[in-house]
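Residue numbers (the numbering used here): 358 to 406.
Please read the structure below before turning to the comments.
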Ligand SMILES: [Zn+2]
C-alpha cells in the first residue's frame, strides 16, 4: 500500500493559454506581443483549464 496515487491518476494537461488585446479584443497568437489589428502592446493573458 505504498504506491503513490499521483502516478496512477491520469492528470490532464489541458490548460489552454491565449492572449487577447485589451484594446480591441482581438485574440492573438502567443508569440505576438503586439496586437496585429490595432498595434497595442497591452495583451491580456488568459488561462482556460
Ligand atoms: Zn488590438
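Don't be surprised by glycine CBs; every beta carbon is placed ideally from N, CA and C.
Nothing here was measured: the structure is a model prediction, and the numbers come from that model.
Within a Cβ cutoff of 6 Å, which residues of the same chain sit near residue i, ignoring the five residues on either side of it in sequence?
| i | result |
| --- | --- |
| residue 397 | 378 and 380 |
| residue 383 | 392 and 394 |
| residue 403 | 375 |
Is there at least one non-hydrogen atom of ligand 1 closer than 8 Å to the beta-carbon of residue i?
| i | result |
| --- | --- |
| residue 380 | yes |
| residue 387 | no |
| residue 406 | no |
Looking only at its own chain, which residues have a Cβ that is under 7 Å from the Cβ of residue i, when we skip the five neighbours before and after it?
| i | result |
| --- | --- |
| residue 390 | 398 and 400 |
Tell me which same chain residues have a C-beta within less than 8 Å of the C-beta of residue i, skipping the five on either side of it?
| i | result |
| --- | --- |
| residue 372 | 404, 405 and 406 |
| residue 386 | 376 |
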